[in-house]
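The numbering of the sequence shown is this note's numbering, which starts it at 9 and goes up by one.
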Amino acid sequence: MYSLDLTLKYSPMPVSVQRKEEEAAKALYQSVLEAMKADPATIVELTCEKDEDKKVAFVSDQISAVILNKRSGAAASGRTPGFFATQNAE
9 MYSLDLTLKY
19 SPMPVSVQRK
29 EEEAAKALYQ
39 SVLEAMKADP
49 ATIVELTCEK
59 DEDKKVAFVS
69 DQISAVILNK
79 RSGAAASGRT
89 PGFFATQNAE
């Protein structure tokens with residue numbers, strides 16, 4: 009399982025969606041990067057493969073950071089999702 013975490017401006021919590029396959033996760037990462045570069049800003053809508061009822065939409069110019077990571081037993085190890093967990097692990 010791969011997790012894509014996005015930090016939005018003026019939002020303290022990251023937005024996370026999951027992909028089952030590495031290629032799908034990388035493709036989603038690239039599409040988010042392209043949306044960040046878009047001028048004018050566009051609406052980005054993401055869905056989650058882990059929880060198929062989960063949907064989120066936001067304006068592309070509100071994305072301040074994006075990270076793609078492989079989730080391998082993160083819940084079992086007590087690691088929280090997001091940028092701060094990645095920073096502390098290093």
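Here a beta-carbon is modelled for each residue, glycine too, at the ideal position from N, C-alpha and C.
- Lysine 78 and glutamate 29 have their C-alpha atoms some 10 Å from each other.
- Excluding the 5 residues flanking it on each side, leucine 41 has same chain C-beta neighbours closer than 8 Å at Val74, in chain order.
- For tyrosine 37, the uninterrupted alpha helix (DSSP H) segment begins and ends at 30–45.
- Membership of aspartate 13 in the beta strand (DSSP E) is indicated by the continuous run 10–16.
- Sorting Asp47, Ser24 and Ala49 by C-alpha distance to the C-alpha of tyrosine 37 places Ser24 at the top.
- Here isoleucine 51 is exposed: its Cβ has fewer than 16 other Cβ atoms, across all protein chains shown, within 10 Å.
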